[in-house]
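Mapping of the sequence shown onto the working numbering: position 281 corresponds to residue 281, and the numbering continues sequentially without gaps.
Idealized CB from N, CA, C, for every residue including glycine.
Here the structure is a predicted model, which is why all the values come from computation and not from measurement.
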Amino acid sequence: MEATSSWTECMWDVPRVRKFVPRMLPCPPSLRHPKREFVWNLLRSGRYPILDESIEVQEMAVKCRQDVEDVITSYHSLAPILTVNPDELLHVERWCHSALAPVRRLPTDLLQEIFLCCLTDTYTRPNLQSAPLLLCQVCFSWRSLCLSTPQLWSSIDLRDFRDSGSGLRSSLLPPTIVETWLARSGPTCPLSIRLCSHHPESRTLLPIALSHRDRWRKIDLTFFARDAEFFLALLPSQDPTPLLEQLDIHFSLPFESLNPRAGFPPPSDHMSTLLQRLTSTRLTELNISGSYAYVLSLREGIEMLSRCPNLVQCQLETKTISEATSLLARVRLNNLVSLELRAESAEVAYLSLTLPRLQSLTVFTSQNPAIQPHIHLVSFLARSTPPLEYLHLSPPPASEDHLVECLENTPRLKELSLTKMYPLQSPHLQCISDVMLSHLSASSSTGGYMALTTHLYLLEVDGDLLCSPEGLTGMLISRWRRNAPEECDMRPALGTEAAPFAANISGTNASGPSPFKLVVHSGTSYPLARVKELLTGVEHQFIQDGRTVTIS
């Protein structure tokens with residue numbers, strides 16, 4: 001008997017079956033239903049059936065279920081002479097239920113937005129187990145919708161798996177897949193691309209990515225400093241990236257170049273030229289770093305920022321050990337909200353920049369804190385008058401006077417972090433003394449308000465404090481009294497593990513002031529036991545005021 005795949009052919013068009021079972025197993029009506037082909041075409045079209053069609057499809061689904069039960073009952077007695085099972089009936093029933101699925105009622109534009117929410121990262125790694133390739137495998141209509149949505153294909157991660165930290169073996173994408181992926185993004189959709197050239201074969205992908213440079217919106221490049229010349233050869237000199245808004249570049253050196261005796265390779269003009277070509281007035285986010293590689297001097301970085309007046313966020317790492325500190329032309333960035341600097345000294349930045357909207361400032365310098373020009377930081381804050389809410393200085397100011405002056409120019413400060421960048425730096429924080437803590441404490445002379453930083457709710461310090469336990473305790477209690485209303489549940493906690501000293505307070509009244517928290521990464525020489533004892537001594541006072549204090 002000739003093998004067939006259709007229930008109708010196998011069950012009713014095979015003479016052998018008709019000879020032995022002429023009337024025992026009548027043909028299921030649902031398999032010859034005139035609407036059977038209509039349901040299949042409806043599924044392929046992707047549209048939801050109208051009212052009359054919906055009723056007919058529902059009736060057909062019920063009829064299929066009845067026929068399935070009848071056929072299965074007769075099938076067991078006829079199984080020895082039959083060559084197929086009644087699975088096709090189940091398929092027809094599934095078609096009916098699929099045609100009536102609620103998701104088919106969603107408008108196309110809404111379904112596209114849902115698909116876009118399935119993208120897990122800014123840069124999408126092509127994978128059959130994740131969107132958008134996974135969505136293309138659901139059904140014909142979803143595949144068609146995915147292929148007609150360029151935004152689903154507008155981002156791609158071209159790094160080798162070893163570069164992405166997954167721990168898998170090398171798996172570089174073939175150029176044909178990259179070309180097909182980018183072609184699906186259409187001719188005008190802005191692109192987000194992440195590329196690492198550490199793998200020797202990754203150079204084959206760089207020309208493909210550069211061929212779409214006029215659509216770059218976000219670009220994340222990681223490559224050896226020696227590859228800057230190769231990159232420049234493929235990049236036009238005049239406005240190569242007209243849509244670029246976010247630029248992340250990380251330069252590095254090959255492992256064989258890291259020879260402390262021979263020193264690092266000399267600076268290369270190719271890297272500075274490359275950065276000049278990629279920066280423009282449209283940039284809103286700029287991140288430049290280089291582990292053990294010369295990137296650019298801080299002066300060059302400031303000049304580069306002057307070409308990006310619309311920057312909102314910036315992270316800048318420089319490796320120059322010495323440079324002239326002569327004044328540059330003042331650079332005013334009215335939109336910059338977040339700035340992170342890593343340099344030998346930040347003096348050039350303090351003297352040149354004016355940032356009136358800055359909310360977050362992080363500065364890491366390797367210079368001795370005793371000669372750090374924190375006086376220039378004070379002048380920068382006084383000149384910019386920013387609404388600064390987060391300040392991280394590493395190392396912190398060497399004197400309490402400079403720190404007080406900084407706080408006087410940051411009345412909206414909410415988080416203050418003073419840490420060491422290198423272990424060899426002095427473990428003592430000269431700026432955290434009893435006098436400094438008195439400026440942070442509320443007293444009757446100030447009407448119950450702190451003299452400085454009334455909005456401060458987090459103070460993090462790293463090093464052995466020079467203040468007395470009594471001074472630290474007094475500041476904590478005054479902050480707790482001021483920042484916690486009567487309904488607040490105040491819970492300061494002390495620990496000695498990851499953070500040898502940590503005191504925090506949390507309130508339950510969302511409309512009240514933010515709770516104050518102190519974290520001290522301190523050495524063993526600081527008398528933590530005395531601080532715990534003093535805080536335990538005031539526990540009854542808070543209980544009488546209707547508050548509770550828990551110390552652990």
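- Three CB pairs or more closer than 8 Å across the stretch 152–162 and the stretch 187–201: Yes, since at least three Cβ pairs between the stretch 152–162 and the stretch 187–201 fall closer than 8 Å, the two stretches touch.
- 6 Å Cβ shell around C467 - same chain, five flanking residues per side excluded: Closer than 6 Å at Cβ, skipping near neighbours: I432, S433, D434 and L437.
- Nonlocal neighbours in the same chain, by C-beta distance under 7 Å from L111, ignoring five residues either side: Counting only Cβ-Cβ distances below 7 Å, and skipping sequence neighbours, we find L145.
- Can you list, in chain order, the stretches of the beta strand (DSSP E) that have 3 or more residues and sit fully within the stretch 88–173? Note on the stretch 88–173: whole beta strand (DSSP E) runs with a minimum of 3 residues are 155–157, in chain order.
- Rounded to whole angstroms, what's the CA-CA distance from E285 to F364? Just pull it up for me. If you take the alpha carbons of E285 and F364, they lie about 19 Å apart.
- Query: Got a sec? Which residues, its chain only, sit under 8 Å from A382 by beta carbon, not counting five neighbours each side?
  - Reply: Closer than 8 Å at the Cβ level, and outside the excluded window around A382, lie N409.
- From this set, T453, E415 and L234, which residue's C-alpha is nearest K517's C-alpha? The shortest C-alpha separation from K517 is found at E415.
- Cβ-Cβ distance between L243 and E201 below 8 Å: Contact: no.
- Message: Beta-carbon within less than 6 Å of E69's beta-carbon, same chain only, minus the 5 sequence neighbours each way: which residues are those?
- Response: Apart from sequence neighbours up to five positions away, no residue of its chain approaches E69 with a beta-carbon distance below 6 Å.
- Task: Would you mind sorting C117 into buried or exposed? The rule is 16 or more other CB atoms within 10 Å of its CB.
- Result: Exposed: under 16 other Cβ atoms inside 10 Å.
- Within the chosen definition, does the stretch 374–390 reach the stretch 337–357 through at least 3 CB pairs nearer than 8 Å? Yes, they touch.
- Query: Can you tell which of N335, S345, P309 and R307 has its C-alpha closest to the C-alpha of E317?
  - Reply: Nearest of N335, S345, P309 and R307 to E317, Cα basis: S345.
- Within its chain, find whatever has a CB closer than 8 Å to the CB of I302; leave out the 5 residues flanking it on each side and keep chain order. L328, V331, V348, A349, S352 and L353.
- The alpha helix (DSSP H) spanning Y350 covers which residue range? Counting along the chain, the unbroken alpha helix (DSSP H) around Y350 starts and ends at E347 to S352.
- Query: Going by the CB atoms, is the gap between I288 and I249 shorter than 8 Å?
  - Reply: Yes. Within cutoff.
- What residues in its chain sit with their C-beta under 6 Å from that of I177, if we drop five residues either side in the sequence? Result list for I177: empty, nothing under 6 Å.
- Message: Let me check understanding here. Comparing Cα to Cα, which of N41, T362, R357 and L355 lies closest to A343?
- Response: It is T362 whose Cα lies nearest to the Cα of A343.
- Item | Rounded separation between F140 and P126 - CA only | Between F140 and P126, the C-alpha separation is close to 20 Å.
- Query: Once you ignore the five residues that flank R412 on each side, which residues in its own chain have a CB closer than 8 Å to its CB?
  - Reply: Counting only Cβ-Cβ distances below 8 Å, and skipping sequence neighbours, we find P387, L388, E389 and H455.
- Message: To the nearest angstrom, how far is the alpha carbon of I219 from that of Q246?
- Response: Computed Cα separation, rounded: 6 Å.
- What residue range is occupied by the uninterrupted alpha helix (DSSP H) comprising F231? Counted as a single uninterrupted DSSP element, the alpha helix (DSSP H) harbouring F231 occupies residues A228 to A233.
- Task: Have a look at the DSSP bridge pairing and note the partners of D248.
- Result: Residue pairing by DSSP puts D248 in a beta bridge opposite D220 and N287.
- Message: Along the chain, where does the beta strand (DSSP E) containing E389 start, and where does it finish?
- Response: According to the DSSP assignment, E389 belongs to no beta strand (DSSP E), since it is labelled neither H nor E.
- Pull up the distance between the alpha-carbon of L452 and that of L358, whole angstroms please. C-alpha separation (whole angstroms): 19 Å.
- Given a threshold of 16 other Cβ atoms within 10 Å of its Cβ, counted over all protein chains shown, does P107 qualify as buried or as exposed? Result: exposed.
- Using three-state DSSP, classify Q315 as helix, strand or coil. In the structure shown, Q315 falls within a strand segment according to DSSP collapsed to helix, strand and coil.
- Query: How long is the line joining the alpha carbons of W153 and G186, rounded to whole angstroms?
  - Reply: In a straight line, the C-alpha of W153 is about 9 Å away from that of G186.
- Which stretch, first to last residue, makes up the beta strand (DSSP E) that contains I193? Here the beta strand (DSSP E) through I193 covers L191 to C196.
- Query: Per DSSP, what kind of secondary structure is A329 in: helix, strand or coil?
  - Reply: If DSSP states are grouped into helix, strand and coil, A329 belongs with coil.
- Task: Taking the CB atoms as reference points, tell me whether R277 and L221 lie closer together than 8 Å.
- Result: Taking 8 Å as the Cβ cut-off, R277 and L221 do not qualify as a contacting pair.
- Query: What residue does the alpha helix (DSSP H) around H402 start on, and which one ends it?
  - Reply: Run containing H402: E400 to E408, per the alpha helix (DSSP H) assignment.
- Message: Let me check you understand the geometry: is the CB of T180 closer than 7 Å to at least one non-hydrogen atom of the ligand SAH?
- Response: Within the structure as shown, the ligand SAH is missing, as the structure has no ligands at all.
- Task: Could you round the C-beta distance between L403 and P395 to whole angstroms and report it? I think they count as a contact, below 8 Å.
- Result: The pair is not a contact, with the Cβ atoms about 12 Å apart (cut-off 8 Å).
- Task: Pick out whichever of S280, F223 and L206 has its Cα sitting closest to the Cα of Q238.
- Result: Nearest of S280, F223 and L206 to Q238, Cα basis: S280.
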